[in-house]
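Novice: Below: one structure in structure tokens.
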Amino acid sequence: MDDIDRLIINSLQNGFPVCNRPYLQAATALGLSEQDLLQRLQALLDNGTLSRFGPLYHAEQMGGALSLAAVKVPDARFEEVTEIINAFPEVAHNYARNHELNMWFVLATETAEQLQNTITAIEQQTGLSVFNMPKINEYFVGLKLEA
407 MDDIDRLIIN SLQNGFPVCN RPYLQAATAL GLSEQDLLQR LQALLDNGTL
457 SRFGPLYHAE QMGGALSLAA VKVPDARFEE VTEIINAFPE VAHNYARNHE
507 LNMWFVLATE TAEQLQNTIT AIEQQTGLSV FNMPKINEYF VGLKLEA
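Right under this line is the structure:
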């Protein structure tokens, strides 16, 4: 990663243009060509420096619901339960954890009622209790790289 990559990462965390040519506008602000910005973003994704590049939606502000959930999954059923939970389109992320509650996942739904319905469906399909941990406060941790 070079100084230009660091500049891109630092800059684009603060917002991305909403216009007909957002990459061109962002590139111009960074002193780059649109093609160079696109190539660099793709390289950062390809080499794993960035895991994703896209908007972050605030589900609650859009009338939806978002929650962290956890399940205590027996080791012998871990793969089976993973497949069941990952089949739900409401599951945004799913992680194995070294903890008694060894599977943690994020649920994002269009309504609060749908969140509870999804939890209930997961419990019914897996036979396991889901621990729902809705956020109380959100804290943004920005990543700033030294150029």
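Basically the working numbering = 1-based index in the sequence shown + 406.
Glycine included, C-beta positions come from ideal geometry on N, C-alpha and C.
All values reported here derive from a predicted model rather than from experimental measurement.
Smallest Cα separation from Thr-524: which of Asn-504, Glu-506, Tyr-501 and Glu-496?
Specialist: Position 118 of the sequence shown, counted from the start, is the residue given in the question as residue 524. Considering only alpha carbons, the answer is Glu-496.
Novice: Which of the three DSSP states is assigned to Asn-492 in this structure?
Specialist: Here residue 492 refers to the residue found at position 86 of the sequence shown. Helix.
Novice: Can you give the Cα-Cα distance for Ile-490 and Ile-528, rounded to whole angstroms?
Specialist: If you number the sequence shown from 1, residue 490 lands on position 84. If you number the sequence shown from 1, residue 528 lands on position 122. Between Ile-490 and Ile-528, the C-alpha separation is close to 8 Å.
Novice: Let me know if Pro-457 comes out buried or exposed under the rule of 16 or more other beta-carbons within 10 Å of its beta-carbon.
Specialist: Position 51 of the sequence shown holds residue 457. The identity of residue 457 in the sequence shown is Ser, whereas the question assumes Pro. With fewer than 16 other Cβ atoms within 10 Å, it is exposed.
Novice: Considering just the uninterrupted stretch of the alpha helix (DSSP H) at Asn-523, what are its terminal residues?
Specialist: Counting from one through the sequence shown, the residue named residue 523 turns up at place 117. First-last of the alpha helix (DSSP H) with Asn-523: 518-532.
Novice: Only counting the same chain, and skipping five residues up and downstream in sequence, which positions put a Cβ closer than 6 Å to that of Pro-540?
Specialist: Working through the sequence shown from its first residue, we reach residue 540 at position 134. Within the same chain, Pro-540 has close Cβ partners Ser-473.
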